[in-house]
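Peer 1: Under our numbering, think of the first position of the sequence shown as 22, with each following residue one higher.
Glycine residues also receive a C-beta, built at the ideal position from the N, C-alpha and C atoms.
Quick caveat: nothing in here was measured; it's all calculated off a predicted structure.
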Amino acid sequence: MTNTSCIPSWAPRWVTGIRGSRLLLLTSLLLVGVACRAPEGGGPLRGTPLGVLTPKPDILLTTTDGAAFDFPRATAGYVTLLFFGYTHCPDICPVHMANLAAVLHKLPSTVAGRVKVIMVTVDPERDTPERLRAWLDNFDRDFIGLTGSVADITAMQQAVRLPPAVKEGEGDTYLVGHAAYVLAFTTDDQPPVAYPSGTRQSDWAHDLPQLARRMERAR
22 MTNTSCIPSW
32 APRWVTGIRG
42 SRLLLLTSLL
52 LVGVACRAPE
62 GGGPLRGTPL
72 GVLTPKPDIL
82 LTTTDGAAFD
92 FPRATAGYVT
102 LLFFGYTHCP
112 DICPVHMANL
122 AAVLHKLPST
132 VAGRVKVIMV
142 TVDPERDTPE
152 RLRAWLDNFD
162 RDFIGLTGSV
172 ADITAMQQAV
182 RLPPAVKEGE
192 GDTYLVGHAA
202 YVLAFTTDDQ
212 PPVAYPSGTR
222 QSDWAHDLPQ
232 LARRMERAR
């Protein structure tokens, strides 16, 4: 899974949810803006650097402890892995979190300690702070969970050039269609790197040390 083409072949897996054609179309349109940009030393990144500089979202959300989370300030100096998901997600969300947890536990502390994993719920109605915290703790107690109003969560998705999540179905068993990839933010002069559904642990193990070195050089 290398970034040898501007629009990767795995683009359709960037969206999860039933009847997600609208969201898939929006995401596909966003991908037209992905540029073929050569990554820094250490071999090609296995994620895809987006072609547009996208700053970290400056939108206040709330942690599972009830504290306001200033995203740019709280993540300064760290490789920041941002994911939008929800705890009732049947597939993509737990796989992403499990893979990240497994890799971070294996990497040297000099790398893992420079990484912050943040999941923003796209289902604040059901994902109470307590539920979100308990769900993330199944993977790693250091993972940060954020919640907020639907308006603020939508604004954050749009700020990082993602289509808003779409609720599918009624009652208590509805699903949420959402962009199914992780964005890795590093320095302000580099675009975020996108990792889709299907990113393997070996891909993360390859890329995270490179991204951490990028942060070290910027210090």
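1) Consult DSSP for H109 and reduce its assignment to one of helix, strand or coil.
2) Assuming contact is defined by CB atoms lying nearer than 8 Å, are P184 and A172 in contact in what I supplied?
3) With a threshold of 8 Å between beta-carbons, can L196 be considered close to chain B, or not?
4) On the CB-based measure, 16 or more other CB atoms within 10 Å of its CB, does G98 come out buried or exposed?
5) With distances taken between CB atoms, is the gap from L71 to P230 smaller than 8 Å?
6) If you reduce the DSSP assignment to three classes, tell me which class F164 lands in.
7) Would you tell me roughly how many angstroms separate the C-alpha atoms of C110 and E237, rounded to the nearest one?
8) Could you compute how far the alpha carbon of W225 sits from the alpha carbon of A95?
9) Could you spell out the range, first to last residue, of the beta strand (DSSP E) harbouring A200?
10) Since F160 and A133 should fall inside the 8 Å C-beta cutoff, what is the C-beta to C-beta distance between them, to a whole number of angstroms?
11) Less than 8 Å between the beta carbons of Y202 and D148, yes or no?
12) Would you grab the beta carbon distance between T83 and T175 for me? Rounded to a whole angstrom, and I think it's under 8 Å.
13) Output needed for A119: all residues of its chain with C-beta closer than 8 Å, excluding positions within five of it in sequence on either side, in chain order.
14) Could you say which of H117, P65, R235, V136 lies nearest to L157 if we only look at CA atoms?
15) What are the complete alpha helix (DSSP H) segments, minimum 4 residues, inside the segment 131-184?
16) Between F206, R221, E146, D193, which lies nearest to R235 when the distance is taken from Cα to Cα?
17) If you drop the 5 nearest sequence neighbours on each side, which residues of the same chain put their C-beta closer than 6 Å to that of K77?
18) Enumerated in chain order, which unbroken segments of the beta strand (DSSP E) with a length of 3 residues or greater are wholly contained in the segment 60-86?
19) What distance in whole Å lies between the Cβ atoms of T85 and L153, which are believed to be in contact at a cut-off of 8 Å?
Peer 2: Straight from the coordinates:
1) Against the sequence shown, residue 109 aligns to sequence position 88. DSSP places H109 in coil when its eight states are reduced to three.
2) For the purposes of this step, residue 184 is taken as the residue at position 163 of the sequence shown. For the purposes of this step, residue 172 is taken as the residue at position 151 of the sequence shown. Between P184 and A172, the gap from beta carbon to beta carbon reaches 8 Å or more.
3) The displayed structure is made up of one protein chain only, and chain B is not part of it.
4) Mapped onto the sequence shown, residue 98 falls at position 77. Exposed, by the Cβ-count rule.
5) The residue labelled residue 71 in the question sits at position 50 within the sequence shown. The residue labelled residue 230 in the question sits at position 209 within the sequence shown. L71 places its beta carbon 8 Å or farther from that of P230.
6) Here residue 164 refers to the residue found at position 143 when the sequence shown is read from its first residue. Coil.
7) One-based indexing of the sequence shown puts residue 110 at position 89. One-based indexing of the sequence shown puts residue 237 at position 216. The straight-line gap from Cα to Cα measures roughly 35 Å.
8) As a working mapping, residue 225 is identified with position 204 in the sequence shown. As a working mapping, residue 95 is identified with position 74 in the sequence shown. About 23 Å.
9) As a first step, residue 200 is located in the sequence shown; it is residue number 179 there, counting from the start. Counting along the chain, the beta strand (DSSP E) containing A200 begins and ends at 196-200.
10) What you label residue 160 is simply residue 139 of the sequence shown in a count that begins at 1. What you label residue 133 is simply residue 112 of the sequence shown in a count that begins at 1. Actually they do not touch by this definition, with Cβ atoms about 14 Å apart.
11) In the sequence shown, counting from the first residue as 1, residue 202 sits at position 181. In the sequence shown, counting from the first residue as 1, residue 148 sits at position 127. In this structure, Y202 lies away from D148, with their beta-carbon atoms at least 8 Å apart.
12) Mapped onto the sequence shown, residue 83 falls at position 62. Mapped onto the sequence shown, residue 175 falls at position 154. Their Cβ separation, rounded to whole angstroms, is 15 Å, which puts T83 and T175 out of contact at 8 Å.
13) Against the sequence shown, residue 119 aligns to sequence position 98. If we look at A119 and ignore the five residues flanking it on each side, its Cβ neighbours are F160.
14) Locating residue 157 in the sequence shown gives position 136, where the first residue counts as 1. Comparing Cα-Cα distances from L157 to each of H117, P65, R235, V136, the minimum goes to H117.
15) Runs found: 150-158, 171-180.
16) By 1-based counting over the sequence shown, the position of residue 235 is 214. Of F206, R221, E146, D193, the residue nearest in Cα terms is F206.
17) Walking along the sequence shown from the start, residue 77 turns up at place 56. Closer than 6 Å at the Cβ level, and outside the excluded window around K77, lie F92, P93, F206.
18) Runs found: 82-84.
19) Against the sequence shown, residue 153 aligns to sequence position 132. Against the sequence shown, residue 85 aligns to sequence position 64. Right, their Cβ atoms sit about 5 Å apart.
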